[in-house]
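Those protein sequences? They're chains F and X, same order as listed.
Note that my numbering has the first sequence beginning at 579, numbered continuously upward.
Note that my numbering has the second sequence beginning at 24, numbered continuously upward.
Even glycine gets a Cβ: it sits at the ideal position worked out from N, Cα and C.
Written out below as structure tokens is the structure these notes cover.
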Amino acid sequence: MQPREIDDGEYVSQYGSRQTGKAFFWDRPRPRDFDGLSVMIGRLTPEEARQPVRRDGMASHLDGVRYAKVGDLRALGMEVVHTPSRANPDHVSVRRAGEWGDEVAGRFNECFEGPQWYEEPEGGDDG
Amino acid sequence: MADLLLPQQGARPWAPADNVTVGEVLNEYNIPLIGLLEQDGNSYLYACLFGELEPVNIWAYSHVTTQEFDQLTRLEGAALTTAIDQALMNRMTVVALASDYKLVDWVEVDAGMEGSLALARRFLGRMRTRVETTRREVEDLVSQEELACSAM
Chain F
579 MQPREIDDGE
589 YVSQYGSRQT
599 GKAFFWDRPR
609 PRDFDGLSVM
619 IGRLTPEEAR
629 QPVRRDGMAS
639 HLDGVRYAKV
649 GDLRALGMEV
659 VHTPSRANPD
669 HVSVRRAGEW
679 GDEVAGRFNE
689 CFEGPQWYEE
699 PEGGDDG
Chain X
24 MADLLLPQQG
34 ARPWAPADNV
44 TVGEVLNEYN
54 IPLIGLLEQD
64 GNSYLYACLF
74 GELEPVNIWA
84 YSHVTTQEFD
94 QLTRLEGAAL
104 TTAIDQALMN
114 RMTVVALASD
124 YKLVDWVEVD
134 AGMEGSLALA
144 RRFLGRMRTR
154 VETTRREVED
164 LVSQEELACS
174 AM
């Protein structure tokens, strides 16, 4: 599986969750010895964004996604690199050399539009 | 059982003991979520069963055969997903709780064919029983006359 170049005009999707009761999108690496975050190529639906991340279960109102233009992330000094795996061919790493504290996290969040949350089909169980 | 992974408290879930050799990461999202390990000449698949984004999560460590290991290092896409699912079924598995990306506690669970979420639920039932038993035993000790004085 070969990585490809990602253009500045392309979008990436970041999967998020309300599993713990509030909207949660990673805006900095945790744990601290990691230097990057994961996103995926393209504008995915919440269901599509969930699939490579969660091992089991069905998409629900707890699953969300937000979108950023690659050029906006690069303008922050972020490295945006296609890092496919056999399980997730659309995986992208967003890395930054140096400190990734509150200020950088805030600017990272500003790059994103959304989020969009999965809408349960009518008659479905909304948990 | 000799072929069960032996984790260490405080270790990263994707590198669960000092004496493991970390192999290929099969899937990552912010952190390694599924991958391969070796310990004492045995091969293991690890997988986050629940809490992939959240700071508290549940992990499974499953001993895999040479044939399963070969499949896990070769397959892609849906076939890989199926191989991962099968490697987490029908065997004794170590299932662990991690908080802040450090292993806290674990139990051995006889994994059937129920899937990751059901395995995670069964693990939580086992852990709840263990925690409640420990709490009762501690309360019993605290209430014993000779210890009660120093515990006050």
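At a cut-off of 8 Å, the C-beta of N113 of chain X has no neighbouring C-beta in chain F. By the CB criterion at 8 Å, G594 of chain F and R644 of chain F fall inside the cutoff.
D128 of chain X sits in a strand when the DSSP states are folded into three classes. Between A143 of chain X and L111 of chain X, the gap from beta carbon to beta carbon reaches 8 Å or more. With fewer than 16 neighbouring CB atoms inside 10 Å of its own CB, M579 of chain F falls in the exposed class.
E583 of chain F and V648 of chain F have their C-alpha atoms some 11 Å from each other. Nearest to G135 of chain X by alpha-carbon distance, out of X:L126, X:E155 and X:R114, is X:R114. Ranked by Cα distance from P667 of chain F, the first of F:D586, F:F603 and F:G620 is F:G620.
Of the residues assessed, D586 of chain F falls on the exposed side of the cut-off, its CB having fewer than 16 other CB atoms within 10 angstroms.
Three or more beta-carbon pairs separated by less than 8 Å are not found between the segment 674 to 688 of chain F and the segment 27 to 35 of chain X, which leaves the two stretches without contact. Contacts with chain F at 8 Å (Cβ-Cβ) include S139 of chain X.
Chain F has a Cβ within less than 8 Å of the Cβ of E99 of chain X. In the DSSP assignment, V648 of chain F falls within the alpha helix (DSSP H) that extends over V648 to A653.
By the rule that beta-carbons nearer than 8 Å mark a contact, R596 of chain F does not touch chain X.
Ranked by how close their Cα comes to the Cα of R664 of chain F, the residues X:R153, X:V43, X:R35 and X:L49 have X:L49 in first place. R610 of chain F is classed as exposed because its beta carbon has fewer than 16 other beta carbons within 10 Å across all chains shown.
In the structure shown, I584 of chain F falls within a coil segment according to DSSP collapsed to helix, strand and coil. In this structure, L72 of chain X sits near I81 of chain X, with a CB-CB distance shorter than 8 Å. Listed as beta-bridge partners of R633 of chain F by DSSP are no residues whatsoever.
Only residues of its own chain outside the window of five on either side were considered, and among them Y593, A637 and D641 have a CB closer than 7 Å to the CB of R628 of chain F, listed in chain order. Under the 10 Å beta carbon count, E99 of chain X is surrounded by fewer than 16 other beta carbons and is classified as exposed.
In this model, T96 of chain X and S671 of chain F are separated by some 22 Å (Cα to Cα). Of F:P662, F:W678 and F:H639, the smallest CA-CA separation from L654 of chain F is found for F:W678. Close to E77 of chain X, with beta-carbon spacing below 9 Å, are these residues of chain F in chain order: S595, Q597, T598 and F602. If you look at L59 of chain X, you'll find it in the beta strand (DSSP E) that goes I54 to Q62.
Interface with chain F (8 Å Cβ-Cβ cutoff): I57 of chain X is included.
In this structure, K125 of chain X sits near G33 of chain X, with a CB-CB distance shorter than 8 Å. Assigned with DSSP and collapsed to three states, M115 of chain X falls in strand. When the five nearest sequence neighbours on each side are left out, the beta carbons in the same chain lying within less than 7 Å of the beta carbon of E75 of chain X are those of Y52 and L56, in order along the chain. Residue contact check for R664 of chain F against chain X: a CB pair falls below 8 Å.
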